[in-house]
Amino acid sequence: VYLAGKGDASIKYFEWEASKLFFLSEFRSSSSQKGATFLPQRYCDTHSCEIAVAYRLHRDSIEPISLRVPRKSDIFQKDIYPDTYAGIPALTAEQWYAESKNADP
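The numbering of the sequence shown is the working numbering, which starts it at 45 and goes up by one.
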């Protein structure tokens, strides 16, 4: 969960697990933002534990930012990267509809 408000100078991010919210980290800046948008997960650097890449809109500029989970290791951290859409369907429409198959993405 990401919290970024218009006029704020920070973006806070949390993890939702087992019906509980855990604070992960916070991005701070000296300038306020007008808005923010996020890039798809495929743009994240998994070796630096980057969980999101965002653009912050300022009055007269756009700033790219990196949101990372603080970890001591620089190896791949499977627990912070859930499975996501790979661009390749797991089943065809015929398999799903006619054959009633089901598969993980």
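Glycine is no exception: its CB is placed at the ideal position from the N, C-alpha and C atoms.
Being a predicted model, the structure only gives us computed values, none of them experimental.
Per-residue DSSP class, three states only, for residue i
| i | result |
| --- | --- |
| E143 | coil |
| A98 | strand |
| A137 | helix |
| S63 | coil |
| T128 | coil |
| R115 | coil |
| R86 | helix |
Straight-line Cα distance separating residue j from residue i
| i | j | result |
| --- | --- | --- |
| A48 | P114 | 19 Å |
| E61 | P108 | 28 Å |
| L65 | Y46 | 11 Å |
| S144 | P133 | 15 Å |
| G79 | N146 | 39 Å |
| Q77 | I106 | 9 Å |
| W140 | T128 | 19 Å |
| C93 | K116 | 10 Å |
| H91 | E138 | 38 Å |
| T136 | P84 | 24 Å |
Other residues of its chain near residue i: CB distance less than 8 Å, five sequence neighbours each side excluded
| i | result |
| --- | --- |
| E70 | S54, I55, K56 and Y57 |
| Y87 | V97 |
Nearest-angstrom beta carbon gap, residue j and residue i [assumed within contact, 8 Å]
| i | j | result |
| --- | --- | --- |
| I124 | L111 | At roughly 11 Å, the Cβ-Cβ gap does not stay under 8 Å, so I124 and L111 are not in contact. |
| V97 | F82 | 7 Å |
Within 8 Å, strictly: CB atoms of residue i and residue j
| i | j | result |
| --- | --- | --- |
| H102 | S74 | no |
Residues of its chain near residue i, where Cβ-Cβ distance is below 7 Å and the 5 sequence neighbours each way are ignored
| i | result |
| --- | --- |
| G51 | S76 |
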